[in-house]
Amino acid sequence: MISLYKVYISFGGCDLLNDVSFLIPPDDRIGLIGKNGAGKTTLLKLIAGIIQPTEGEVSLAKGTTFGYLPQEMKLNDSNTLLGETLLAFEEFLAIEKEIAQLNHEIAVSDDYQSNDYLKKLDQLNELNERYSMLGGDSYQAELEQTLIGLGFERTDFSRPTSEFSGGWRMRIELAKLLLKKPDTILLDEPTNHLDIESIQWLENYLKVYKGSVVLVSHDKAFLNAVCNRTIEISLGKITDQKMNFSAFVKWKKEQREIQLASYRNQQKMIEDTEKFIERFRYKASKAVQVQSRIKQLDKIDRIELEEEDNSALKIKFPPAPRSGRVVVEAKNITKKYGSHVVLENIDFSIENGEKVAFVGRNGEGKTTLVKILLEEIEHTGEINIGHNVKPGYFAQNQAQLLKESLTVFETIDEIAIGDVRTKIRDILGAFLFSGEDADKKVKVLSGGEKSRLAMIRLMLEPVNLLILDEPTNHLDMQSKEILKEALIHFTGTVIIVSHDREFLDGLVNCVYEFRNKKIKQHLGGIYDFLQKKKMDNLKELENSSKQRLDDKNNRIKSESGRREVSFEEQKDINRNIARIEKLITGTEEMIETLETKIAVLDKKLSSPDASGHPGIFDDYEMLKSDLSEALEKWETEHEQLENWKKKKNW
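Written as structure tokens, this is what we have:
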């Protein structure tokens, strides 16, 4: 149990947190929300003991452990991925070392009756029991499961951490934190460095975690999936409700309407009372009533409305200049970095007005393809940009390209034209640059503030192809909603690299999935795509196999023509085709059964109590081996079927 009681945090005479009190019981899942700068990260640091309150008290049960993942951290690059992640198991490793030492001492000893020998046997027995109780027999399998869940491949395990990008190194720190299994996990924007598959894995992990979780996130879908409680920080105060984010937003709207109605009623009553006092103030016959009304006004607990959210302000992109029907066309695009192939023989076409998402695991080539489209890097293959296409690009490092000597206002005024120049401060306010913030120099802004400023610049440029690479990483929910609404009504073409499901939902009508150096088009929205991804792997494999068979058969027909097949030959071919198809059906049923069993174990393995199931990892590996053999058998049967069908079509 963690308790915050009447906590104040002050910076420079300003209260960031003002009289904040709440409890964090075990097993709670809390989502911290609020505008950028509201104090969410400060509150996480306060809970973790990194900073102390100006006033008030933070208390916790003795021995409570924390795991805190900040947005940015200094990382150690002197280890391999596996070696660095193993640091999460220092206690296991220490026990293993002690067990090995005792085993050696016992093995070389020949005085089996001495007290020292018997004492070492007792120590060894105690250590083995403790090791087993803590889950030492399964921690290596758990480590592997966590790393793979977060998107690493087994081939990555021996790579030095220095070879990984900052985002991947943050995943290493997240893996270490999860594997330590602290009593309370504190996460600050954990999804910024994860792809959709890893986010979904983390969701499932946190939902069943045997401890409390407090997280800061602007990802609505992630908050809804993980959290059963929402705490909003606004103007130094908190609003705490036992409900997920979407339910909280609905409740907050209802409360606002109730508060507004009460405020209006009270204001009407105050106005009527003041009119009565003013009217009869100097009439002796009404003196008692006037004094009574004056006292009544003095006793009123006046309702104060919370600061109104200005997200209702609508911002639109300028009308997109007209372009040709085909905006981008790619043929046989291949990109290598030395011997490492990132993209191989990519073909696709995007037409005017389409809004598409590039999704896939980190490192699969999404940003690389974007840079190829913008002709920023060399490649093989052909890229054709359509007639009169004018691209606007928001890169992940876009904030670094701003002129630091300018103020926030000057940065926008530099490119604003027409009526927009009269609304610059309103636009800045919608993106949380209010009042004096507009006069700040760019060089003093935080990374998130710079990203918001760069997004405003892009929104004011007259382009007809918007290419956005992770545009929402540093935007709060209000800013994301404004950007999303503007993109929905944008008349040009949009390409978005993003893992934010809620942002993409209702915005894109086509998804390109990046995997294994290739891309695959999925028509429909992001949740249509995610639903399709849950389809049986076998069906996906079968569909692609049938397509290859059709292509090969068509090629054989066109190249070789046909020859006459006798009636007896035809009967024999048909019998063999029927026989093999029956075998394939049986094999497919076997594969489906194995995959169902593996899915059940996957769910168990992803839960924190996986070590409590003896033999589960052996069962898992056996099932995986059986599945591999079944898939090989299925492929062999399909090859046989293909050969008989070739004979049938001679």
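Taking the numbering used here, I'd label the letters of the sequence shown as residues -1 to 648.
The beta carbon of each residue, even a glycine, is placed where N, CA and C say it ideally should be.
The DSSP-derived three-state label of residue 226 is coil. Below 8 Å, enough C-beta pairs join the segment 358 to 368 and the segment 508 to 516 to call them touching: three or more.
Counting every other CB atom within 10 Å of its CB across the protein chains shown gives residue 216 a total of 16 or more, marking it as buried. In the three-state DSSP reduction, residue 148 falls in the coil class, being neither helix nor strand. Judged by DSSP secondary structure, residue 280 falls outside any alpha helix (DSSP H); it is assigned neither H nor E. The beta carbon of residue 115 sits closer than 6 Å to those of 107, 109, all from its chain and outside the five residues before and after it, given in chain order.
Residue 585 is a Cβ neighbour of residue 632, given a cutoff of 8 Å.
Sixteen is the threshold: since fewer than 16 other Cβ atoms of the shown chains lie within 10 Å of the Cβ of residue 119, the residue is exposed. Taken through DSSP and simplified to helix, strand or coil, residue 123 comes out as helix. Assigned with DSSP and collapsed to three states, residue 158 falls in strand. Between the alpha carbons of residue 374 and residue 386 lies a distance of about 19 Å.
Pairing residue 121 with residue 141 gives a Cβ-Cβ distance that is not under 8 Å. Residue pairing from DSSP places residue 324 in a beta bridge opposite 349. With contact defined as three or more Cβ pairs closer than 8 Å, the segment 457 to 467 and the segment 430 to 443 are not in contact. Between residue 226 and residue 242, the C-beta spacing is below 8 Å. In the structure shown, residue 1 adopts extended strand secondary structure according to DSSP, grouped into three states. Counting along the chain, the unbroken beta strand (DSSP E) around residue 491 starts and ends at 491 to 495. DSSP, reduced to helix, strand and coil, places residue 108 outside both helices and strands of the structure shown, so it counts as coil.
Residue 427 sits in a helix when the DSSP states are folded into three classes.
Non-local beta-carbon contacts of residue 155 in its own chain, meaning distances under 6 Å to residues more than five positions away in sequence, involve 79, 80 in chain order. Taking residue 383 as reference, the option from 408, 349, 335, 58 with the minimal CA-CA separation is 349. Counting only residues of its own chain and dropping the five nearest sequence neighbours on each side, residue 212 has a CB closer than 6 Å to the CB of 28, 184. The beta carbon of residue 318 sits closer than 6 Å to the beta carbons of 462, 489, 490 from its chain, once the five residues preceding and following it are set aside; these are given in chain order. The Cβ neighbour count for residue 144, taken over all protein chains shown within 10 Å, is at least 16; the residue is labelled buried.
Here the alpha carbons of residue 406 and residue 435 stand approximately 7 Å from one another. Between residue 492 and residue 356, the C-beta spacing is not below 8 Å. Here the C-alpha atom of residue 581 lies approximately 35 Å from the C-alpha atom of residue 149.
Out of 409, 423, 124, the CA that lies nearest to the CA of residue 451 is found in 409. Here residue 62 carries a coil assignment [DSSP, helix/strand/coil]. Look at the beta carbons and you see the segment 27 to 47 touching the segment 4 to 17: at least three pairs across the two are nearer than 8 Å.
Pairing residue 506 with residue 616, the inter-Cα distance amounts to about 43 Å. Nearest neighbour of residue 32 by Cα position, chosen from 401, 328, 353, 250, turns out to be 250. For residue 412, DSSP assigns no beta-bridge partner whatsoever.
Beta bridge pairing from DSSP links residue 22 with 0. Taken through DSSP and simplified to helix, strand or coil, residue 52 comes out as coil. Within 10 angstroms of the beta-carbon of residue 301 lie fewer than 16 other beta-carbons, which makes it exposed.
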